[in-house]
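Asker: Submitted below is the structure of interest, expressed as structure tokens.
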Amino acid sequence: MLKHIVSILLALGIILCAISLPAIQQLSEEEVKSAYLYNFAKFIKWPEKAFRDDHDPFVIGVYGKSGLDEYLVSLTKKKIRERAVEIRTIASVADAEGCQLLYVAAGAERDGERLLQALSGSAIVTVSDAESFVNQGGVIQFVPIRGRLRFIINLYQANHVGLKIDAQLLALAIEVVEEKP
Amino acid sequence: MLRKLILFLLPLLLLSVPMSLWAQEEILELDLESLMEIQVISAGRKQQNLMDVPAAIYVITAEDIKNSGATSVPEALRMVPGLQVSRIGSSKWAIASRGFNGTFSNKLLVQIDGRSVYSPTYSGVYWDVQNVLLDDIDRIEVIRGPGATLWGANAVNGIINIITKPASDTLGGVVSVGSGNHEEQLLNFRYGVQLSKNVYGRFTINHIERDEFRYHADHSDSLDDWRMTYGGFRLDGDINLQDSWTLQGDIYSGREGQQVYPYWTPESPYASTADDRINADGYNLLARWEHKFSPTSSWTLQSYFDFSDRDEIYVGQMSETFDIDFQHRFQLGERQDIVWGLGYRTIKDDFSNTYMVSFLPKSDRSELLSGFIQDEIRLIDDTLWLTLGSKVENNDYTGTGYQPSAKLLWKPTPKQSVWTSVSRALRTPSRAEATSLVVTNKIPLPPTYTTAYTMYINGNDDMDAEQVTAYELGYRYARDSRLSFDLSLFYNRYKKLTSYSYTFLPSGLPASIEFANDMSGHSHGFEALLKWNPTDWLETELSYSLIRLSMAMGPESQGSPSVMDIVAEKSSPQHQLFLHGGFKLRDNLRLNLWGRYVDSLDVASPVAAVNGDVVDSYLAVDANLIWDITENLELMLSGQNLFDDYHLEFINEYFTPAIDIGRSLYAKVTWSF
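Chains as they are written, first to last, in the numbering used here: chain R, 2 to 182; chain W, 351 to 1023.
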């Protein structure tokens, strides 16, 4: 009797799963981060002043050793908010001024803090996986949970510089910081 | 039935499309919901650093389990250096750390996800019902030596923590089907899903059928086949960055054969052989809440309920356990890492007494209250740590007991560590030792031999806890991920060990036999482990262990025919040597070879002492081949005990005659989707 129940359950399970499931795949942290950056760009609206004119490209800056460069390259074939995409390696505050999205590698934390202070008034979506990045005035911070990458949004900072974050993106954040951290 | 299932599965397997690798462009097109579900491979994944543990710890990883070819938890434990893992029969195991092995190996505590599976009735673990699906196990931590300060009573000579994977690590489905000469059916099914943004779940169904082995004496069938069906689920969720929870449960039902001899009845011929079927059923439910303040500061609240019902011809035992535990860890100042906790457990039991075994009272409820604190003090940065702690426990049998420990860890260089410890641990008397009445012999009386004199073993509710004071010294060296060495030495002093006290009638017959605390002694030995991976395609592991025990009976036992001291001295293999070689033959093909030399047991149990049976030393070789046919289809061919038909590993101390363990060959197909 038991045997039959088990075999029926097994068979049912297999059929159900075979029909319904997309394959689950593991990706590298860098691949996932790159895809996140692209998605962030899609769900955030920049103020007019963030671009000089309509032909200005959408600039994604990378500060520090992130390992993202090789994955971000394929973004240059795409358009973000109807603008061409440019990937820029950032070495100084001056470089960073022209970016819309800036990824700060975790290793560059200390300099990153100075960078954040300098950019605190600019309409730049700063993103990092550095601990307490959001507390230092960063806009989006990656946090690893259960082996997956999730994120915190500093809505206070985003509002402060005129960035409009889509409700859909906010809903998926594990935490939204609304008060000045 | 198995053939049908395979026939049914095959077309599905063929139909299943192999996973294609995503192109970079496709990854960029993934939406946020999908991205949140993807498990990332992180190069710097935090490794558990065994160098910093001041105890003789060995961790069996999920990969080790797979490579072992084991089909049950006890089989997987065979690789642990120094652990004595003896198979008594098809469904019975005797597992002990640092001596005192037996069916009711009572000095080893075993926990599954923080739920104790140590039976307070008999003091020991019913391994046949610890049927966790091996594929669900994240790791098994085995600590040889006392672990009482953190884990509490009965962790006298060791503790085994079986930790299952969180549901977030088991998404998708796995089906495995296996069969062989002994492992007649191995059927596993697991399916995991992300239920919502922050909740993961899985369920597992598993069914096994194992064949009988043979009797050691006359090579006839030992009638100890067993079948077990198990179902389990686990849910894991996050409330926010600080709070996470787990809810999990298992249910099982097993039927096992055994022949009970001698089976005592009130009427002549008194002793007979009884064909018995063990019915073992149970379920449990566990909930856990964890709050993290920071990586070094958190609290956990955990509670579980466990029900088990086990019917054997000589006694039926039902027990309900409720347990709640709170644990808090925090940093005090710059140098101290403190963990403290409180626990409460209540156990209600109910026995179906028989003529042969009875418990008085038949039903009872006992309570256990405990608290512990442990302070790890960093004396010199990155170099010297002192850990002090104690557990205080109050139980209904022996009152309040303290189980303190002091440990010192010294890391002269980052690659080397030396540790030493002194600890005290207690073993609480079991319900059997305190309150049972067991018929142990019936002697027909002359002249007519129609009446018999009955001998009983009586429980003694004045029993004290057994005590150990353990002194340990360890050294570890890890040159890199390719070469490491681990050595642990121990010296244990035991007091108030369980013994039997006899009183005699003028005729010379025992008037009564009662449990007592009249044995003491000491043990010493060491375990050494060398791991060496000379190339990318070869992993090797070699371990050797030595143990010597010496016991003495106290004054109350002078002139008693008890053999407890001899059994304690001679039921452990003095030498054990384990060897493992893992060969990566090709990227998708792996060969594992395991060799085990286990020294003889001159007196495995009291029965063996009476009959003069010896368990000879043996050399067993296991091998398996794991072939990843495609990314999600795997074939395993496994052989255990390859080079001899049968060998004896242990002699059961009660109720069943000695059984030879035979060769086992099986094939298993695993399909993940």
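Every residue gets a Cβ at the ideal spot worked out from N, C-alpha and C, and that includes glycine.
(1) Let me confirm a value: Lys846(W) is counted as buried when at least 16 other C-beta atoms fall within 10 Å, else exposed. Which label applies?
(2) My output table needs one value for Met813(W): the three-state DSSP class, helix, strand or coil.
(3) Taking all protein chains shown into account, do 16 or more other C-beta atoms lie within 10 angstroms of the C-beta of Leu315(W), making it buried, or fewer, making it exposed?
(4) Buried or exposed: where does Pro431(W) fall if 16 or more other Cβ atoms within 10 Å of its Cβ makes it buried?
(5) Which residues in the same chain as Asp978(W) place their Cβ atom closer than 6 Å to its Cβ, once the five residues preceding and following it in sequence are excluded?
(6) Quickly, what does DSSP pair Pro796(W) with across the bridge? List them, please.
(7) For Arg777(W) versus Lys1018(W), is the C-beta spacing smaller than 9 Å?
(8) Does any residue of chain R bring its CB to less than 9 Å from the CB of Tyr550(W)?
(9) Taking Gln598(W) as the query, report the chain R residues whose CB atoms sit under 7 Å from its CB, ordered along the chain.
(10) If we count the other Cβ atoms within 10 Å of its Cβ and call it buried at 16 or more, is His56(R) buried or exposed?
(11) Tell me the rounded alpha-carbon separation between Leu164(R) and Leu117(R).
(12) Using only the alpha-carbon positions, how far apart do Arg437(W) and Leu998(W) sit?
(13) Closest Cβ-Cβ distance between Asn136(R) and chain W: below 9 Å?
(14) Would you kindly work out how many angstroms separate the C-alpha atoms of Asp830(W) and Arg489(W), rounded to a whole number?
(15) Give a yes or no on whether the minimum CB-CB distance between Ile407(W) and chain R is below 9 Å.
(16) I'd like to know whether the C-beta of Ser518(W) is nearer than 9 Å to at least one C-beta of chain R.
(17) Quick check: Arg781(W) and Thr520(W), are their CB atoms within less than 9 Å of each other?
(18) Determine the extent of the beta strand (DSSP E) in which Asn629(W) is found, giving its start and end residues.
(19) Who are the Cβ neighbours of Lys757(W) in its own chain at under 6 Å, not counting the five residues just before and after it?
(20) Give the single residue among Phe993(W), Leu400(W), Gly962(W) whose Cα lies nearest to the Cα of Asp836(W).
(21) What does the alpha-carbon distance come out to for the pair Phe876(W) and Tyr64(R)?
(22) Give every residue of the same chain whose Cβ lies closer than 8 Å to the Cβ of Ala393(W), excluding the five residues on either side of it in the sequence, and list them in chain order.
(23) If I measure Cβ to Cβ from Pro516(W) and keep anything under 6 Å in the same chain, skipping five residues before and after, which residues do I get?
(24) Would the beta-carbon of Ser129(R) fall within 9 Å of that of Ala106(R)?
(25) Under the rule that 16 or more other beta-carbon atoms within 10 Å means buried, what is Tyr803(W), buried or exposed?
(26) How would you call His569(W), buried or exposed, if buried means at least 16 neighbouring beta carbons within 10 angstroms?
(27) For Ile125(R) and Ile153(R), which I take to be in contact (beta-carbon distance under 8 Å), what is that distance rounded to the nearest angstrom?
(28) Going along the chain, which residues of the stretch 141 to 162 of chain R sit with their C-beta nearer than 8 Å to a C-beta in chain W?
(29) Measuring only the C-alpha atoms, how far is His925(W) from Asn590(W)?
(30) Nearest by alpha-carbon distance to Phe1000(W): which of Gly632(W), His678(W), Ala959(W), Leu929(W) is it?
(31) Give me the residue from Glu132(R), Tyr72(R), Gly99(R) with the minimum Cα distance to Gly113(R).
(32) Assuming contact is defined by CB atoms lying nearer than 9 Å, are Leu635(W) and Gln681(W) in contact in what I supplied?
(33) Of the residues that make up the stretch 56 to 90 of chain R, which ones have a beta carbon closer than 8 Å to any beta carbon in chain W?
(34) If you measure between the beta carbons of Ile897(W) and Gly449(W), is that distance less than 9 Å?
(35) Applying the criterion that 16 or more other CB atoms from any shown protein chain within 10 Å of the CB defines a buried residue, is Tyr37(R) buried or exposed?
(36) In the stretch 29 to 56 of chain R, which residues sit with their C-beta less than 7 Å from some C-beta in chain W, listed in chain order?
Answerer: Taking the coordinates as given:
(1) As a first step, residue 846(W) is located in the second sequence; it is residue number 496 there, counting from the start. Around the C-beta of Lys846(W), 16 or more other C-beta atoms lie within 10 Å, and the residue is accordingly described as buried.
(2) On the second sequence, residue 813(W) is found 463 positions in, with the first residue counted as 1. Met813(W) falls in the coil class under three-state DSSP.
(3) Here chain W covers residues 351 to 1023 and nothing more, so residue 315(W) does not appear.
(4) Here residue 431(W) refers to the residue found at position 81 when the second sequence is read from its first residue. Around the beta carbon of Pro431(W), 16 or more other beta carbons sit within 10 angstroms, so the residue counts as buried.
(5) Position 628 of the second sequence, counting from 1, holds the residue named residue 978(W). Once the five neighbours on either side are set aside, the close Cβ partners of Asp978(W) are Asn938, Glu984.
(6) What you label residue 796(W) is simply residue 446 of the second sequence in a count that begins at 1. Pro796(W) is not bridged to any residue.
(7) Counted from its first residue, the second sequence places residue 777(W) at position 427. Counted from its first residue, the second sequence places residue 1018(W) at position 668. Taking the C-beta atoms as reference points, Lys1018(W) is found no nearer than 9 Å to Arg777(W).
(8) Numbered from its first residue, the second sequence carries residue 550(W) at position 200. Judged by the 9 Å Cβ criterion, Tyr550(W) is in contact with chain R.
(9) Translated into positions along the second sequence, residue 598(W) becomes position 248. Correct list: empty, because the minimum Cβ distance to chain R is about 15 Å.
(10) Here residue 56(R) corresponds to residue number 55 of the first sequence, with the count starting at 1. Under this definition His56(R) is an exposed residue.
(11) To locate residue 164(R), count along the first sequence from 1; it is residue 163. To locate residue 117(R), count along the first sequence from 1; it is residue 116. Between Leu164(R) and Leu117(R), the C-alpha separation is close to 16 Å.
(12) Within the second sequence, residue 437(W) is the residue found at index 87, counting from 1. Within the second sequence, residue 998(W) is the residue found at index 648, counting from 1. So the two alpha carbons sit approximately 8 Å from each other.
(13) Position 135 of the first sequence, counted from the first residue, corresponds to residue 136(R). At a cut-off of 9 Å, the C-beta of Asn136(R) has no neighbouring C-beta in chain W.
(14) One-based indexing of the second sequence puts residue 830(W) at position 480. One-based indexing of the second sequence puts residue 489(W) at position 139. One C-alpha to the other measures close to 22 Å.
(15) Taking the second sequence and counting its residues from 1, one reaches residue 407(W) at position 57. So, not an interface residue.
(16) For this step, residue 518(W) is matched to residue 168 along the second sequence. At least one beta carbon of chain R lies nearer than 9 Å to the beta carbon of Ser518(W).
(17) The residue labelled residue 781(W) in the question sits at position 431 within the second sequence. The residue labelled residue 520(W) in the question sits at position 170 within the second sequence. For the 9 Å CB-CB criterion, Arg781(W) and Thr520(W) do not form a contact.
(18) Translated into positions along the second sequence, residue 629(W) becomes position 279. Where Asn629(W) is concerned, the enclosing beta strand (DSSP E) stretches over 621 to 644.
(19) To locate residue 757(W), count along the second sequence from 1; it is residue 407. For Lys757(W), where only same-chain residues beyond five positions count, the Cβ hits under 6 Å are Pro404, Thr737, Ser771.
(20) On the second sequence, position 486 is the one that residue 836(W) refers to. Nearest option by C-alpha distance: Leu400(W).
(21) Position 526 of the second sequence holds residue 876(W). Position 63 of the first sequence holds residue 64(R). Rounded to the nearest angstrom, the two C-alpha atoms are 53 Å apart.
(22) Position 43 of the second sequence, counting from 1, holds the residue named residue 393(W). Interpretation of Ala393(W) is limited by its pLDDT of 47, a score under 50 that renders its predicted location unreliable; no figure is taken from the coordinates.
(23) As a working mapping, residue 516(W) is identified with position 166 in the second sequence. Correct list, in chain order: Asp586.
(24) Working through the first sequence from its first residue, we reach residue 129(R) at position 128. Working through the first sequence from its first residue, we reach residue 106(R) at position 105. Yes, they are a contact pair.
(25) Position 453 of the second sequence, counted from the start, is the residue given in the question as residue 803(W). Tyr803(W) should be labelled exposed.
(26) Locating residue 569(W) in the second sequence gives position 219, counting from the first residue. Exposed is the call here.
(27) As a first step, residue 125(R) must be located in the first sequence, where it is residue number 124. As a first step, residue 153(R) must be located in the first sequence, where it is residue number 152. Going by Cβ atoms, the distance from Ile125(R) to Ile153(R) rounds to 17 Å, so no, they are not a contact pair.
(28) Residues are counted here when their Cβ sits less than 8 Å from a Cβ of chain W; for the stretch 141 to 162 of chain R these are Val144, Pro145, Ile146, Arg147, Gly148, Arg149, Leu150, Arg151, Ile153, given in chain order.
(29) Counting from 1 along the second sequence, the entry for residue 925(W) is found at position 575. Counting from 1 along the second sequence, the entry for residue 590(W) is found at position 240. Roughly 51 Å separates the two Cα atoms.
(30) The residue you call residue 1000(W) lines up with position 650 of the second sequence. Measuring from the Cα of Phe1000(W), the nearest candidate turns out to be Ala959(W).
(31) One-based indexing of the first sequence puts residue 113(R) at position 112. Of Glu132(R), Tyr72(R), Gly99(R), the residue nearest in Cα terms is Glu132(R).
(32) Within the second sequence, the letter at position 285 stands for residue 635(W). Within the second sequence, the letter at position 331 stands for residue 681(W). No, these two residues do not count as a Cβ contact at 9 Å.
(33) For the stretch 56 to 90 of chain R, which is checked against every Cβ of chain W, the residues closer than 8 Å are Tyr72, Ser75, Leu76, Lys78, Lys79.
(34) Residue numbering aside, residue 897(W) sits at position 547 when the second sequence is read from its first letter. Residue numbering aside, residue 449(W) sits at position 99 when the second sequence is read from its first letter. Ile897(W) places its beta carbon less than 9 Å from that of Gly449(W).
(35) Within the first sequence, numbered from 1, the residue matching residue 37(R) stands at position 36. By the 16-neighbour rule on beta-carbons within 10 angstroms, Tyr37(R) is buried.
(36) Those would be Ser29, Glu30, Glu32, Val33, Ser35, Ala36, Tyr37, Tyr39, Asn40, in chain order.
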